[in-house]
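Enquirer:
There are 4 protein chains.
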Amino acid sequence: MTHDVMSGGQPIQQPDDTRALLETIYQQARAIEGGEVASYIPALAEVAPEQCALTLATLDGQSVSVGDAAQRFSIQSISKIFGLMLAMERVGESLWERVQMEPSGQPFNSIVQLEWEKGIPRNPMINAGAILVADVLVSRYSASKNAVLSLVRQLCGADDVFADGRVHQSEMAHGHRNAALAHLMKSFGNIEADVDEVLDHYFWQCALTMSTQQLARSFAFLANRGVCPFSQKRIVARRDAQRINAILSTSGMYDQSGEFAFTVGVPAKSGVGGGIVAVVPDYGVIAAWSPKLNHYGNSQRGLYMIREVATRLGLSVY
Amino acid sequence: MTHDVMSGGQPIQQPDDTRALLETIYQQARAIEGGEVASYIPALAEVAPEQCALTLATLDGQSVSVGDAAQRFSIQSISKIFGLMLAMERVGESLWERVQMEPSGQPFNSIVQLEWEKGIPRNPMINAGAILVADVLVSRYSASKNAVLSLVRQLCGADDVFADGRVHQSEMAHGHRNAALAHLMKSFGNIEADVDEVLDHYFWQCALTMSTQQLARSFAFLANRGVCPFSQKRIVARRDAQRINAILSTSGMYDQSGEFAFTVGVPAKSGVGGGIVAVVPDYGVIAAWSPKLNHYGNSQRGLYMIREVATRLGLSVY
Amino acid sequence: MTHDVMSGGQPIQQPDDTRALLETIYQQARAIEGGEVASYIPALAEVAPEQCALTLATLDGQSVSVGDAAQRFSIQSISKIFGLMLAMERVGESLWERVQMEPSGQPFNSIVQLEWEKGIPRNPMINAGAILVADVLVSRYSASKNAVLSLVRQLCGADDVFADGRVHQSEMAHGHRNAALAHLMKSFGNIEADVDEVLDHYFWQCALTMSTQQLARSFAFLANRGVCPFSQKRIVARRDAQRINAILSTSGMYDQSGEFAFTVGVPAKSGVGGGIVAVVPDYGVIAAWSPKLNHYGNSQRGLYMIREVATRLGLSVY
Amino acid sequence: MTHDVMSGGQPIQQPDDTRALLETIYQQARAIEGGEVASYIPALAEVAPEQCALTLATLDGQSVSVGDAAQRFSIQSISKIFGLMLAMERVGESLWERVQMEPSGQPFNSIVQLEWEKGIPRNPMINAGAILVADVLVSRYSASKNAVLSLVRQLCGADDVFADGRVHQSEMAHGHRNAALAHLMKSFGNIEADVDEVLDHYFWQCALTMSTQQLARSFAFLANRGVCPFSQKRIVARRDAQRINAILSTSGMYDQSGEFAFTVGVPAKSGVGGGIVAVVPDYGVIAAWSPKLNHYGNSQRGLYMIREVATRLGLSVY
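Residue numbers (my numbering), protein chains in the order written: chain A, 8 to 325; chain B, 8 to 325; chain C, 8 to 325; chain D, 8 to 325.
(1) In whole angstroms, give me the CA-to-CA distance for residue 18 of chain B and residue 172 of chain B.
(2) Please classify residue 250 of chain D as buried or exposed, where buried requires at least 16 other C-beta atoms within 10 Å of its C-beta.
(3) Is residue 81 of chain D closer than 8 Å to residue 259 of chain D when the C-beta atoms are compared?
(4) How far does the beta strand (DSSP E) with residue 243 of chain A in it extend, from its first residue to its last?
(5) Shortest alpha-carbon distance to residue 41 of chain A belongs to which of A:311, A:322, A:74 and A:320?
(6) Is the CB-CB distance between residue 146 of chain A and residue 104 of chain A below 8 Å?
(7) Which one of A:49, A:247, A:185 and A:26 has the shortest CA to CA distance from residue 70 of chain A?
(8) For residue 194 of chain A, go through chain C and note every residue whose CB falls closer than 7 Å to its CB, in chain order.
(9) Which runs of the beta strand (DSSP E) fall wholly inside the segment 8–96 of chain C and span at least 3 residues, in chain order?
(10) Alpha carbon to alpha carbon, how far is residue 298 of chain A from residue 128 of chain C?
(11) For residue 19 of chain D, decide whether its Cβ has a neighbour in chain C, counting only Cβ atoms nearer than 8 Å.
(12) Judging by CA-CA distance, which residue of A:322, A:308, A:272 and A:290 is the nearest neighbour of residue 108 of chain B?
(13) Could you name the residues of the same chain whose beta carbon sits closer than 6 Å to that of residue 148 of chain B, not counting the 5 residues immediately before and after it, in chain order?
(14) Please return the same chain residues whose Cβ sits closer than 7 Å to the Cβ of residue 210 of chain C, not counting the five positions on each side in sequence.
(15) With a threshold of 8 Å between beta carbons, is residue 254 of chain B in contact with chain A?
(16) Mind the definition here: the segment 275–289 of chain B touches the segment 45–61 of chain B only if three or more C-beta pairs lie below 8 Å; say whether that holds.
(17) If contact is defined by three or more beta carbon pairs under 8 Å, each pair taking one atom from either stretch, is the segment 212–227 of chain B in contact with the segment 190–197 of chain B?
(18) Near residue 237 of chain A, what residues of its chain come up, given a Cβ to Cβ distance below 8 Å and the 5 sequence neighbours on each side ignored?
(19) My understanding is that residue 220 of chain C touches residue 76 of chain C, with C-beta atoms under 8 Å, so please give their C-beta distance in whole angstroms.
(20) Taking a contact to mean a Cβ-Cβ separation below 8 Å, would you say residue 72 of chain D touches residue 277 of chain D in this structure?
(21) Assign residue 117 of chain C to one of three DSSP states: helix, strand, or coil.
(22) Counting only C-beta atoms, is residue 323 of chain C closer than 8 Å to chain D at any point?
(23) Find the nearest neighbour of residue 186 of chain B within the set B:139, B:156 and B:111, judged by alpha-carbon distance.
(24) Considering only C-alpha positions, which residue in the set D:78, D:50 and D:99 is nearest to residue 59 of chain D?
(25) How would you list, in chain order, the residues of chain D whose beta-carbon sits under 7 Å from the beta-carbon of residue 108 of chain C?
(26) With 8 Å set as the bound, which would you pick, yes or no: does the beta-carbon of residue 274 of chain B sit closer than that to a beta-carbon of chain A?
(27) Under the rule that 16 or more other beta-carbon atoms within 10 Å means buried, what is residue 264 of chain C, buried or exposed?
(28) Would residue 96 of chain D count as contacting chain B if we go by Cβ distances under 8 Å?
(29) Is it buried or exposed, residue 31 of chain A, if we count other Cβ atoms within 10 angstroms and call 16 or more buried?
(30) For the candidate residues D:136, D:240, D:247 and D:288, whose alpha-carbon lies nearest to that of residue 317 of chain D?
(31) Taking only the alpha-carbon atoms, compute the straight-line gap between residue 100 of chain C and residue 106 of chain C and give it to the nearest angstrom.
(32) For residue 111 of chain B, decide whether its Cβ has a neighbour in chain A, counting only Cβ atoms nearer than 8 Å.
(33) Once you ignore the five residues that flank residue 66 of chain A on each side, which residues in its own chain have a CB closer than 8 Å to its CB?
(34) Please check the pair residue 110 of chain A and residue 112 of chain B, which I expect to be a contact at CB under 8 Å, by giving their CB distance rounded to whole angstroms.
(35) From residue 87 of chain D to residue 233 of chain D, what does the alpha carbon distance come to, in whole angstroms?
(36) Figure out for me which residue from A:261, A:205 and A:89 has the closest Cα to the Cα of residue 158 of chain A.
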């Protein structure tokens, strides 16, 4: 394999090479110390901290995994992409009158910025923006949770994706900052439905559990101009796939998004459950998971694995 | 590999088609009303407002232009890329201890964010970051202006690139907000040289005048993994070309960067002189110019032309 | 009457003179145009806007009124003083670990400042501070509303003081900004009780209705070093009376507190129902009411009446 | 009227008692450990840290001192009152269009608030406000420093008050945050004169050196409705004396102003040189000095001495 060949567009890896590469990176990641499991709710704090998984799914339909790649975990903010897709489908361009598409330059849960922007969240990847999206779903779908479940199950090709009830309830009980964001938006007239109902959907969605194998498969359409490479079904319009990738590029990795673009250079989304999904247009999806987080809330080992795969395979879009 | 393959497999445009496409887009742009010429200094306010130019330079060495593409204008913030390149070369990774690489989520001249971040600018494309970069140049080069001139002249292949002395002096006299940013960084210990000397370099650099033809040629190396496609000389390491493109993607278009990524999807930098340069990795550079600005400070017609070229040619990196 | 004599400590007004002075000021106030009745809830917006009342109660037990001084109105933020008194009594100095005593320099409902200060309100007169005080009452009194009612009825000498149920319910339904403040404090661990219960007490307390005659009598103890001049009962310690007056001086008039100190110079508290109560240490209390508010949320005519009485009688404490 | 009557009716202190009281308080203050001498410029950092002084000047012309009360020190921000007096005299009410009179709720050198308020400082006691006042002096007086010197020498009755040249120069060299404030105001059009000239006046004024004896005498007119009790000359109008006292009450003690009102209850101004001057209307002035500061920038021992004198003599205006 060489970087140059790869970036010329030809496949550079045979499956065996890919597996060996992923295995090497996975073993290196497992040696990384430090980081903290998310502890703001007990249900998340109890996860076995050393678990680690890496999956690479390419557009030719191959999927290679190492580690705990079949183990399901709380996908948390990664679920924001599912919500966004459904809201874009339902309300179209008018969505962008209620939420911007600009990077925030602020922590993911900043209430200061929301106040300045008069209740209009900076983008749908920060919490306020995702809560607004949840309001769209609750207001415009007769059964918003079912709509999400249908989408997710279709994308990952599994009928048994569920939300973790204990995580869901625990978030409800401890989610006072998110409640503050929702009430502030409501006070600006930017939430239509009942605040408690919106928060219920939002926390439920965050509590979905999936494995890296499922995540890699679910987001492959974003690398394939909107078409699922496994089912060949069009999931979203090509333009919308590019738009979602653009938002992930500027805003997907919390307040480390710029550094991630700088050092890795692909659209990605992370969650405090320790998962990260990276989309490589015209190539495939890398999904990584390990529960211990850096101080930005991104998985420490996950970041390492994504960065190494992207760098060694020359996957930067820039 | 060709861009055609990348964007879906079909050949899109022959050279003649390209000229016709640019001409069409240029004529449409000229019909756009509204916007305001930058008026914060008299020297900029006096430019003929209806001027308009568009250049597309591709990696095969072709360059196609329409409109006032040989007319030089004040490149303003586009010059920040030149400064950044020289600072990266001179101080390496240590640069990133003094300036971050995160999108700002704030106006380009925000002093609030600089205060919160204790004098560490969010990125080198906002004014504070570019002033920090100017401090590096003034402190580490024996003749910082000459260093910039040499680089620019080499990149655009012209020996007669100069700063406009009247713009330079006018900025010095009216640049109190930038002076505030510089003094605030100095108070945090993040400016080494004399503040007046740093500002002199910064304003001088912003006053450089170039045409869209020169800009397109100058930035072609960023689309070509660091190698100038005209001279075949390596300008920066491949990794640094990707890094600069990443910063442009998240932070190049002021507080419209997210929307630009969303709707256009390529790294770009704009200046209040009305110029915009967009880098399409593995394809080429689009440079546009027209003086009237929207309220973000981006050229109204310039934005239109860049977006149309990118969209019609399918150039989004996402 | 002369200013000098007054400020030398002697009574300068005979009762008849006082009545004539108040009548003159009242008539001038009624001629003032402009201002807007609080309209954020229907129940407040429906009040007859031209009503106007002025009462001066002095420490010798006299009380002189003009206008609609027996008409009860929604005292709103004036109630924050009653809540504060009960919280100070119940938890003593430890209260000041949970709320500061500094002027805010921000709108009364600023969520930005509350975020910066990590959920510790700047003072008990802004909404966040008063909600925190409500949390103390709800947590530490078996029947917090009864505790407030008992205090208020004792102070004003009337058994029929009530909260307006319609205003109370209307505030509950529209109080999303206050809910955001409460949830944000809860997320910082600075609210003990259930958020909904705290908000219920807070909104109920704001919905108390009293007349200027009742308000003037109720706050006379603050002008009399803690002793009610009518009943001769000590209400609070002398030091606490001074402390409450100090807080009113720096923070009682919303974001117009500094100007009020500058132009009037006495401790005072205002409410969006249009009431203002001013405490003149060692002299008495001025209570004014008229529903139309200036853009700070202070009664326009009320401000005029208080300022004129204080200025003409030379009552500034400075 | 006498102060004794005001504070409850009983005579409190004979002169001998006063000296004994001050001596007791002074000795207690000297036992207080902790705090830090201002170290942002070398010239201030070198002062002998254990020095301590206390002066009480009453309106009957008495002045009692203990400790290093004849020792001159850098009065720093206390000088803001002198500047304000001259600006009020020269431009009258129009001053308040360029600076507000509201407490800031922010650190004394906040640039964030100045940005929000579009270059209009919150009050003349924070740095931005005092720099604005310096602009008025520089613009409207032919020799602004002489104007200040004349005023100060008249007030304290000494011809040999000077600025410390070394402190002045040192502030100039290190005052980048103040320079940032000045340039930001200039960028908003709220500074008329040359920024360097304004800063030169401002830093010079801060470098004035006076003793507690001189300070107590200088500010006695503020306690006496504008008339100097020593010379019987009217210094400012009665209304202006009250207004200055009002500003000191809400904004004189940096971000500890509210707590100071709460616990002490008199108008006061402090400086980072360790001096504090407290004005007791109709009674006199307390001046204290000791160089070690608490984290708000107020003298630790100075605060103790002022509070004890005010509390034991019952001097709160509230």
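We treat Cβ as the ideally placed atom computed from N, Cα and C, and that holds for glycine. No experiment lies behind these values; they were computed from the predicted model shown.
Expert: Per the coordinate set shown:
(1) For the purposes of this step, residue 18 of chain B is taken as the residue at position 11 of the second sequence. For the purposes of this step, residue 172 of chain B is taken as the residue at position 165 of the second sequence. With a pLDDT of only 42 at residue 18 of chain B, under the threshold of 50, the placement of this residue in the model should not be trusted; the figure read from the coordinates follows. The straight-line gap from Cα to Cα measures roughly 46 Å.
(2) Taking the first residue of the fourth sequence as position 1, residue 250 of chain D is located at position 243. Buried: at least 16 other Cβ atoms inside 10 Å.
(3) For the purposes of this step, residue 259 of chain D is taken as the residue at position 252 of the fourth sequence. For the purposes of this step, residue 81 of chain D is taken as the residue at position 74 of the fourth sequence. With contacts defined by Cβ atoms closer than 8 Å, residue 259 of chain D and residue 81 of chain D do not form a contacting pair.
(4) As a first step, residue 243 of chain A is located in the first sequence; it is residue number 236 there, counting from the start. Going by DSSP, residue 243 of chain A is part of no beta strand (DSSP E) at all; its letter is neither H nor E.
(5) Counting from 1 along the first sequence, the entry for residue 41 of chain A is found at position 34. Selected option, being the one with the closest Cα: A:311.
(6) Counted from its first residue, the first sequence places residue 146 of chain A at position 139. Counted from its first residue, the first sequence places residue 104 of chain A at position 97. No Cβ-Cβ contact shorter than 8 Å links residue 146 of chain A with residue 104 of chain A.
(7) As a working mapping, residue 70 of chain A is identified with position 63 in the first sequence. Restricting attention to A:49, A:247, A:185 and A:26, the CA atom closest to the CA of residue 70 of chain A is found in A:26.
(8) To locate residue 194 of chain A, count along the first sequence from 1; it is residue 187. Correct list: 183, 184 and 187.
(9) Runs found: 60–65 and 70–74.
(10) Position 291 of the first sequence, counting from 1, holds the residue named residue 298 of chain A. Position 121 of the third sequence, counting from 1, holds the residue named residue 128 of chain C. Cα atoms of residue 298 of chain A and residue 128 of chain C: separation of roughly 35 Å, rounded to the nearest angstrom.
(11) Numbered from 1 along the fourth sequence, position 12 holds the residue referred to as residue 19 of chain D. Only weak support is given to the placement of residue 19 of chain D: the predicted model assigns it a pLDDT of 48, under 50, and the question is left unresolved by the model.
(12) Indexing the second sequence from 1 puts residue 108 of chain B at position 101. Of the candidates A:322, A:308, A:272 and A:290, the one whose C-alpha sits nearest the C-alpha of residue 108 of chain B is A:272.
(13) Working through the second sequence from its first residue, we reach residue 148 of chain B at position 141. Same-chain partners within the cutoff: 154.
(14) Here residue 210 of chain C refers to the residue found at position 203 when the third sequence is read from its first residue. Closer than 7 Å at Cβ, skipping near neighbours: 175, 178, 179 and 182.
(15) Locating residue 254 of chain B in the second sequence gives position 247, counting from the first residue. So, interface residue.
(16) In this structure the segment 275–289 of chain B touches the segment 45–61 of chain B; the number of beta carbon pairs closer than 8 Å is three or more.
(17) With a cut-off of 8 Å, the segment 212–227 of chain B and the segment 190–197 of chain B do not count as touching, because too few Cβ pairs lie within range.
(18) For the purposes of this step, residue 237 of chain A is identified with residue 230 of the first sequence, where counting begins at 1. Cβ neighbours of residue 237 of chain A within its own chain (closer than 8 Å, five residues either side excluded): 68, 164, 224 and 227.
(19) Translated into the one-based positions of the third sequence, residue 220 of chain C becomes position 213. Translated into the one-based positions of the third sequence, residue 76 of chain C becomes position 69. Residue 220 of chain C to residue 76 of chain C, Cβ: 5 Å. Contact.
(20) As a working note, residue 72 of chain D is residue 65 in the fourth sequence. As a working note, residue 277 of chain D is residue 270 in the fourth sequence. No; because the gap between Cβ atoms is not below 8 Å, this pair is not in contact.
(21) In the third sequence, counting from the first residue as 1, residue 117 of chain C sits at position 110. Correct three-state label for residue 117 of chain C: coil.
(22) Along the third sequence, read from residue 1 onward, the residue named residue 323 of chain C stands at position 316. Between residue 323 of chain C and chain D, the shortest Cβ-Cβ separation is below 8 Å.
(23) Taking the first residue of the second sequence as 1, we reach residue 186 of chain B at position 179. Among B:139, B:156 and B:111, the Cα nearest to that of residue 186 of chain B is on B:139.
(24) Translated into positions along the fourth sequence, residue 59 of chain D becomes position 52. For the set D:78, D:50 and D:99, the Cα lying nearest the Cα of residue 59 of chain D is the one of D:78.
(25) Working through the third sequence from its first residue, we reach residue 108 of chain C at position 101. Proximity of chain D to residue 108 of chain C at the Cβ level (cut-off 7 Å) is accounted for by 265, 266 and 269, in chain order.
(26) The sequence position of residue 274 of chain B within the second sequence is 267, counting from 1. With 8 Å as the cut-off, residue 274 of chain B counts as an interface residue toward chain A.
(27) As a working mapping, residue 264 of chain C is identified with position 257 in the third sequence. Classification for residue 264 of chain C: buried.
(28) Sequence index remark: in the fourth sequence, residue 96 of chain D carries index 89 (1-based). So, not an interface residue.
(29) Looking up residue 31 of chain A in the first sequence gives position 24. So residue 31 of chain A counts as exposed.
(30) Mapped onto the fourth sequence, residue 317 of chain D falls at position 310. Of the candidates D:136, D:240, D:247 and D:288, the residue whose Cα lies closest to the Cα of residue 317 of chain D is D:288.
(31) In the third sequence, counting from the first residue as 1, residue 100 of chain C sits at position 93. In the third sequence, counting from the first residue as 1, residue 106 of chain C sits at position 99. Between residue 100 of chain C and residue 106 of chain C, the C-alpha separation is close to 11 Å.
(32) On the second sequence, position 104 is the one that residue 111 of chain B refers to. By this cut-off, residue 111 of chain B is an interface position.
(33) Taking the first residue of the first sequence as 1, we reach residue 66 of chain A at position 59. These residues qualify, in order along the chain: 227, 230, 231, 236, 289, 290 and 291.
(34) The residue you call residue 110 of chain A lines up with position 103 of the first sequence. The residue you call residue 112 of chain B lines up with position 105 of the second sequence. In this structure residue 110 of chain A is in contact with residue 112 of chain B, their Cβ atoms being roughly 6 Å apart against a cut-off of 8 Å.
(35) As a position in the fourth sequence, residue 87 of chain D is number 80, starting the count at 1. As a position in the fourth sequence, residue 233 of chain D is number 226, starting the count at 1. Their Cα atoms are separated by approximately 17 Å.
(36) Taking the first sequence and counting its residues from 1, one reaches residue 158 of chain A at position 151. Closest by C-alpha distance to residue 158 of chain A, out of A:261, A:205 and A:89, is A:89.
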